[in-house]
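In what follows, a single structure is set out as structure tokens and then discussed.
There are 2 protein chains.
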Amino acid sequence: MSIKVCVFDAYGTLFDVASAARELALQPGRERLKNCWVKLANDWRQKQLQYSWLRTIMNKHIDFWSITQDGLDWALEANNLSDDVDLRKELLKLYFNLTAYPEVSQMLSDLRSNHILTGILSNGSPDMLNGAVQSAGISDLLNEVISVEDVGVFKPDISIYELVEKRFGCEIREVLFVSSNCWDACAAASFGFQTGWVNRSNDPTDRLPSGNLVIMKDLSDIATLVV
Amino acid sequence: MSIKVCVFDAYGTLFDVASAARELALQPGRERLKNCWVKLANDWRQKQLQYSWLRTIMNKHIDFWSITQDGLDWALEANNLSDDVDLRKELLKLYFNLTAYPEVSQMLSDLRSNHILTGILSNGSPDMLNGAVQSAGISDLLNEVISVEDVGVFKPDISIYELVEKRFGCEIREVLFVSSNCWDACAAASFGFQTGWVNRSNDPTDRLPSGNLVIMKDLSDIATLVV
Chain A
1 MSIKVCVFDA YGTLFDVASA ARELALQPGR ERLKNCWVKL ANDWRQKQLQ YSWLRTIMNK
61 HIDFWSITQD GLDWALEANN LSDDVDLRKE LLKLYFNLTA YPEVSQMLSD LRSNHILTGI
121 LSNGSPDMLN GAVQSAGISD LLNEVISVED VGVFKPDISI YELVEKRFGC EIREVLFVSS
181 NCWDACAAAS FGFQTGWVNR SNDPTDRLPS GNLVIMKDLS DIATLVV
Chain B
228 MSIKVCVFDA YGTLFDVASA ARELALQPGR ERLKNCWVKL ANDWRQKQLQ YSWLRTIMNK
288 HIDFWSITQD GLDWALEANN LSDDVDLRKE LLKLYFNLTA YPEVSQMLSD LRSNHILTGI
348 LSNGSPDMLN GAVQSAGISD LLNEVISVED VGVFKPDISI YELVEKRFGC EIREVLFVSS
408 NCWDACAAAS FGFQTGWVNR SNDPTDRLPS GNLVIMKDLS DIATLVV
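Heads up: the sequence lines are chains A and B, in that order. Just so we're aligned: 122 in our numbering is position 122 of the first sequence, and the numbers increase by one with no gaps anywhere. Take any residue in the second sequence, note its place counting from 1, add 227, and you have its number in our numbering.
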């Protein structure tokens, strides 16, 4: 590959969203959450994604922060936790206090040492992304943080992937795009990027149009892949 | 309401998809399916929906029969059942041998007795829908069976709901649209139809734009609602 730019999805790819909810479930006084946090986290994520896709098709965009709250409200109700106002507040706060996966800092440093430009391309609103990047301590390691809010639709609309060329002034074939969401990776590969799918939980490949996907277990091997 | 046309979603609304898979799991020799059929059916349905939405956004349409197979292949792999070729064949065959929910025939008869036109508006391909309508024995009770294949995108694209006006020659406000999928009902209500959401499993309402939804437990009260 002759890669000049390496762009990452944010939530689940660079930032560990699930671990934060897991830690909250371990806090004293969170007995109700302890019994259902896996289902709650899964319901939340599923509705968050569904609403982003459905609103894109319905042409009824709102930003990802609103969608994140809508998804959580559905999930809390489905798990009989709607009355726990404090829990809702704490779960939402997690999105602004995320940690990066352990391999992320070194991986980004290695890319930069090798003169590869780095960035994020995410559904997240600019505020959410800035919060997460600061909290994870990786702001100095990223050249660009690109939010879909620049165009007002969500992935996998093709106009989102076009933002990378515009912001980096590069060509499609010079980009390696990496996501832990298989559908996101498929769409990016279909668009023409070199693409890596980080399959942390050993899921089946989505049956969607795509080019070749490089499948990896985590982000450790990215630098050896592009240099 | 001054309703002249009553249009129903198909799978999950008129036709009981889950019961068929459940019965298959009870057959002798289906021990592996018995342990995981609930998760398999759920994975299958989720991927079927996801692929319909993602392909609509990606502008990469294939018909719902192909998507149904793609979703099943993902679900079989996720449940370690990819090697059971016979199971795949039997599960797919179910889509052509569905039964209607017990209240459907009487409900459609009552509508027709009251000079309300009836129809289906579904993601299903024409072949799938014809098979299901024949198998459920309700073809004489429907004026129109409308497939999204007439336009080549999936729900909730607005062009799908527009098909109802075209095929029935009616106005939007004269239509009652009924679906068991809350997102489908929200989109239809947002489009301008009078809308009923059949909430058979007591799910929370989706946090999506919509008009007023009439929520019902099953289809028994439709006729009293429109006459």
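The C-beta atom is built at its ideal place from N, Cα and C for all residues, glycine as well.
Beta-carbon gap between residue i and residue j smaller than 8 Å
{"i": "Asn306/B", "j": "Lys266/B", "result": "yes"}
{"i": "Val148/A", "j": "Leu98/A", "result": "no"}
{"i": "Ala75/A", "j": "Leu14/A", "result": "no"}
{"i": "Ile158/A", "j": "Gly196/A", "result": "no"}
{"i": "Arg30/A", "j": "Leu24/A", "result": "yes"}
{"i": "Val454/B", "j": "Met443/B", "result": "no"}
{"i": "Ser352/B", "j": "Asp290/B", "result": "yes"}
{"i": "Ile365/B", "j": "Val331/B", "result": "yes"}
{"i": "Glu77/A", "j": "Pro431/B", "result": "yes"}
{"i": "Trp53/A", "j": "Trp280/B", "result": "yes"}
beta-carbon residue i near the ligand ADP non-hydrogen atom, thresh 7 Å
{"i": "Ala75/A", "result": "Because no ligand of any kind appears in the structure shown, any question about the ligand ADP cannot be addressed here."}
Other residues of its chain near residue i: CB distance less than 7 Å, five sequence neighbours each side excluded
{"i": "Lys4/A", "result": "Ile116, Leu117, Cys170 and Glu174"}
{"i": "Gly71/A", "result": "Trp44, Lys47, Gln48 and Tyr51"}
{"i": "Met334/B", "result": "Leu446, Ser447, Ile449 and Ala450"}
{"i": "Asn181/A", "result": "Asp9 and Gly12"}
{"i": "Ala41/A", "result": "Ala18 and Ala21"}
{"i": "Ser288/B", "result": "Position check: residue 288/B holds His in this sequence, whereas Ser was assumed. If we look at His288/B and ignore the five residues flanking it on each side, its Cβ neighbours are Arg282, Gly379 and Val380."}
{"i": "Thr123/A", "result": "The sequence shown places Asn at residue 123/A, rather than the Thr named in the question. These residues qualify, in order along the chain: Ser52, Phe64, Val148, Phe154 and Lys155."}
{"i": "Leu87/A", "result": "Leu33 and Leu81"}
Whole-number beta carbon distance between residue j and residue i, since they are thought to touch under 8 Å
{"i": "Leu294/A", "j": "Ile160/A", "result": "In the structure as shown, chain A starts at 1 and stops at 227, and residue 294/A therefore has no counterpart that could be examined."}
{"i": "Asp354/B", "j": "Trp292/B", "result": "7 Å"}
{"i": "Ala248/B", "j": "Leu318/B", "result": "7 Å"}
Beta-carbon contacts of residue i that lie in its chain and below 6 Å, excluding the five residues immediately before and after
{"i": "Thr68/A", "result": "Gln48"}
{"i": "Ala185/A", "result": "Ser179, Thr195, Trp197 and Leu213"}
{"i": "Phe177/A", "result": "Val7, Ala188, Phe193 and Thr195"}
{"i": "Asp433/B", "result": "Cys409, Trp410 and Cys413"}
8 Å CB neighbourhood of residue i in its chain, flanking five on each side removed
{"i": "Leu26/A", "result": "Lys34"}
{"i": "Ser19/A", "result": "Thr99"}
{"i": "Gly346/B", "result": "Val232, Cys233, Val234, Phe235, Leu369, Asn370, Glu371, Val372, Ile373, Val391, Arg394 and Phe395"}
{"i": "Ala363/B", "result": "Leu241, Phe242, Leu325, Thr326, Ala327 and Val331"}
{"i": "Asp150/A", "result": "Leu163"}
Exercise. For the 8 Å Cβ check, are there 3 or more pairs between the segment 374-387 of chain B and the segment 43-62 of chain A?
Worked result: Cβ pair count under 8 Å is three or more, so yes.
Exercise. Are the segment 359-379 of chain B and the segment 331-343 of chain B touching, with three or more C-beta to C-beta distances below 8 Å?
Worked result: Between the segment 359-379 of chain B and the segment 331-343 of chain B there are three or more inter-stretch CB-CB distances shorter than 8 Å, so the stretches are counted as touching.
For this session: Indicate whether the contact test is met: 3 or more Cβ pairs, each with one atom in the segment 404-423 of chain B and one in the segment 438-448 of chain B, closer than 8 Å.
Result: Between the segment 404-423 of chain B and the segment 438-448 of chain B, the count of Cβ pairs shorter than 8 Å is three or higher; the stretches touch.
Exercise. So, do the segment 123-134 of chain A and the segment 87-98 of chain A have three or more beta carbon pairs nearer to each other than 8 Å?
Worked result: Taking 8 Å as the limit for Cβ pairs, the verdict is that the segment 87-98 of chain A does touch the segment 123-134 of chain A.
Exercise. At which residue ranges does the segment 321-347 of chain B contain complete alpha helix (DSSP H) runs of 4 or more residues, listed in the order of the chain?
Worked result: If we require 4 residues or more, the alpha helix (DSSP H) runs fully inside the segment 321-347 of chain B come out as 331-340.
For this session: Any chance you could list the beta strand (DSSP E) runs of at least 3 consecutive residues sitting entirely within the segment 154-210 of chain A, in chain order?
Result: Fully enclosed beta strand (DSSP E) runs of 3 or longer: 175-179 and 194-198.
Exercise. Residue ranges of each beta strand (DSSP E) run of no fewer than 3 residues wholly in the segment 13-83 of chain A, ordered along the chain?
Worked result: As far as the segment 13-83 of chain A is concerned, it has no whole beta strand (DSSP E) run of at least 3 residues.
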